[in-house]
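Q: I'd like to ask you about the structure that follows.
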Amino acid sequence: MKYAQIDSNLFVKNRKKFMAQMKPKSIAVFNSNDIYPIGADSTLPFEQDRDIFYLSGADQEETILLLFPDAMDPKHREILFVRETNGHIAVWEGAKLTKEKATEVSGIETVYWLTDFDKIFFDLMTEADTIYFNTNEHYRQAVETQTREARFIEKCKKEYPAHQTAKSNPILQNIRGVKEPEEIELMQTACDITEKGFRRILEFVKPGVWEHEIEAEFLHEFVRNRSRGFAYPPIIAAGNNANVLHYLENNQEVKDGDMILLDLAAEYANYSSDMTRTIPVNGRFTDRQKQVYSAVLRVKNEATKMLVPGTIWAEFHKEVGKLMTSELIGLGLLDKADVQNENPDWPAYKKYFMHGTSHHIGLNTHDYGELKKPMKANMVFTVEPGIYIPAEGMGVRLEDDVVIQEKGEPFNLMRNIPIEIEEIEELMNK
């Protein structure tokens, strides 16, 4: 991988947290992702399943992690199974994890070749009462293909019908939401790479360039800093394109007098950053653009202060809605009658700000983390209010990634990325 090797102590800690919540005499199994075919002999670039990566650091295909805290043989309490490598594979595909390297990466002493899995798994299941299955229960999941994990679950249910089953997901939601210091450091690196890309394009953007040229500038800067690239499909939306929330075409020329909404960020070591900035094509905001931009920035700053231990996610969004309502009235987009007559299920402000303000971020851009329980220190959230005005051909969204602290305001991982009007104009006109 491009990134520097991560200290295996992170994965040792993560496994301990997971196993501490397992039932007695239970086994948990985690599978790597498949390599997905495109057609002919082409495949999509491999991306590791974030759960097995979180627990082991193993970042290659055909890998299985098995956790069995009550195994009779202590060496079988943590096992990593990897694809057997040889000289032929090394020539054609590059180096794969050897048993020694797998231990170095993961901190797991017992490593077997994948071909041994069925035999060892059968033996260990004779000692176990419960098997933990790793199903995807993220609130935004939309899985339409059968994953390697799903195939394993189907096979296991047929071959071991007398075992009880349990879900690994509630444990993962609980522990993945609160980040370890090493994880926050990796996310800071991703944010720092994003900053380099943003500063690069502030010097590049001018009337007449194309959205995809801006995308290329970002990608160049990300990859040269050991990122694989974008943490999620980049949104580079000039003018009225900014009013399409998930605009991905990035194929239009940017026009003098318009703004560009940039919702994109770098990944690093599988950890995501998530940034949005909105900049003027010609380097100067108009008075109206400044009004709307400043309103969004005020909402972002006040919303950020609310992200403290004990905050409930749903209640937080309601409070941000009140802030946004006040700003929209100030901009002349709403009046008091609109608010008095609003539908409680779709408040008046939703006409101009129709998405949520925050989500967990980490190994996934929309990361695992408990949303119905009070927020905790070291959870990492985005803060991303926006105002979208199709009638005026503009949309403004601003977004940073922040770490909740034990006391006081969150720590902003994107504190060094320009966001104030004056700084953006200065950098674009120097």
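Numbered per my numbering, the sequence shown spans residues 1390 to 1819. We put the CB at the ideal spot given by N, CA and C, even for glycine.
Should Ser1661 go down as buried or exposed, given a rule of 16 or more other Cβ atoms within 10 Å for buried?
A: Sequence index remark: in the sequence shown, residue 1661 carries index 272 (1-based). Answer is buried; the Cβ neighbour count reaches 16.
Q: CB Leu1591 to CB Ile1701, shorter than 8 angstroms?
A: As a working note, residue 1591 is residue 202 in the sequence shown. As a working note, residue 1701 is residue 312 in the sequence shown. For Leu1591 and Ile1701, no; Cβs fall outside 8 angstroms.
Q: Per DSSP, Gln1562 is paired with what?
A: Within the sequence shown, the letter at position 173 stands for residue 1562. DSSP lists no partner for Gln1562.
Q: Around the Cβ of Pro1559, are there at least 16 other Cβ atoms within 10 angstroms (buried) or fewer (exposed)?
A: As a first step, residue 1559 is located in the sequence shown; it is residue number 170 there, counting from the start. So Pro1559 counts as exposed.
Q: Hey, Ala1684 and Ile1776: beta-carbon distance below 8 angstroms or not?
A: Indexing the sequence shown from 1 puts residue 1684 at position 295. Indexing the sequence shown from 1 puts residue 1776 at position 387. Yes, they are a contact pair.
Q: Please go through the same chain and pick out, in chain order, the residues whose beta-carbon is closer than 6 angstroms to the beta-carbon of Tyr1621, but skip the five residues on each side of it.
A: Along the sequence shown, read from residue 1 onward, the residue named residue 1621 stands at position 232. Taken in chain order, the residues that qualify are Thr1754.
Q: In angstroms with no decimal places, state the Cα-to-Cα distance between Pro1733 and Thr1432.
A: Locating residue 1733 in the sequence shown gives position 344, counting from the first residue. Locating residue 1432 in the sequence shown gives position 43, counting from the first residue. Approximately 47 angstroms between the Cα atoms of the pair.
Q: Counting only the same chain and skipping the five closest in sequence on each side, list residues whose C-beta sits under 6 angstroms from that of Asn1822.
A: Look at the range of the chain in this structure, 1390 to 1819, and you will see that residue 1822 is not part of it.
Q: Flag this pair as yes or no: are the beta carbons of Leu1696 and Met1764 separated by less than 8 angstroms?
A: Within the sequence shown, numbered from 1, the residue matching residue 1696 stands at position 307. Within the sequence shown, numbered from 1, the residue matching residue 1764 stands at position 375. Going by C-beta atoms, Leu1696 is nearer than 8 angstroms to Met1764.
Q: If we ignore side chains and look at the alpha-carbon of each, how far apart do Gly1782 and Glu1815 end up?
A: Here residue 1782 refers to the residue found at position 393 when the sequence shown is read from its first residue. Here residue 1815 refers to the residue found at position 426 when the sequence shown is read from its first residue. Using only the alpha carbons, I get a separation of about 24 angstroms.
Q: Given that a residue counts as buried once 16 or more other Cβ atoms are within 10 Å of its Cβ, and exposed if not, what is Thr1534?
A: As a position in the sequence shown, residue 1534 is number 145, starting the count at 1. Answer is exposed; the Cβ neighbour count stays below 16.
Q: Would you mind working out which of Ala1460, Val1567, Ile1573 and Val1633 sits nearest Pro1516, comparing C-alpha positions?
A: As a working note, residue 1516 is residue 127 in the sequence shown. Here the sequence assigns Glu to residue 1516, which means Pro is not the residue at that position. Glu1516 has its Cα closest to that of Ala1460, out of Ala1460, Val1567, Ile1573 and Val1633.
Q: Go through its chain and collect everything with a Cβ distance to Arg1615's Cβ below 6 angstroms, but skip five positions before and after it.
A: Translated into the one-based positions of the sequence shown, residue 1615 becomes position 226. Hits under 6 angstroms: Lys1391 and Tyr1392.
Q: For Arg1588, which of Asn1420, Leu1651 and Leu1486 has the nearest alpha-carbon?
A: The sequence position of residue 1588 within the sequence shown is 199, counting from 1. Of the candidates Asn1420, Leu1651 and Leu1486, the one whose C-alpha sits nearest the C-alpha of Arg1588 is Leu1651.
Q: Using the three-state DSSP reduction, which class does Asn1730 fall into: helix, strand or coil?
A: Your numbering for residue 1730 matches position 341 in the sequence shown. If DSSP states are grouped into helix, strand and coil, Asn1730 belongs with coil.
Q: Let's see if you can read the secondary structure: which residues bound the beta strand (DSSP E) around Asp1789?
A: Position 400 of the sequence shown, counted from the first residue, corresponds to residue 1789. Start and end: Asp1789 to Val1792.
Q: For Leu1653, count the other beta carbons within 10 Å of its own beta carbon; 16 or more makes it buried, fewer makes it exposed. Which is it?
A: Taking the first residue of the sequence shown as position 1, residue 1653 is located at position 264. Buried, since its Cβ has 16 or more Cβ neighbours within 10 Å.
Q: Can you tell me the Cα-Cα spacing of Asn1818 and Ala1692, whole angstroms?
A: Sequence index remark: in the sequence shown, residue 1818 carries index 429 (1-based). Sequence index remark: in the sequence shown, residue 1692 carries index 303 (1-based). Taking the straight line joining both Cα atoms gives about 31 angstroms.
Q: At which residue ranges does the stretch 1472-1506 contain complete alpha helix (DSSP H) runs of 4 or more residues, listed in the order of the chain?
A: Listed in chain order, the complete alpha helix (DSSP H) runs (minimum 4 residues) inside the stretch 1472-1506 are 1476-1482 and 1488-1495.
Q: Just tell me which of Leu1686, Cys1580, Leu1513 and Leu1561 has its CA closest to the CA of Tyr1549.
A: One-based indexing of the sequence shown puts residue 1549 at position 160. That would be Leu1513, whose Cα lies nearest to the Cα of Tyr1549.
Q: What three-state label does DSSP hand Ile1778 in the structure shown?
A: If you number the sequence shown from 1, residue 1778 lands on position 389. In the structure shown, Ile1778 sits in a strand (DSSP, three-state: E or B).
Q: Measuring CB to CB, does Asn1671 end up less than 8 angstroms from Gly1646?
A: Counting from one through the sequence shown, the residue named residue 1671 turns up at place 282. Counting from one through the sequence shown, the residue named residue 1646 turns up at place 257. Yes, they are a contact pair.
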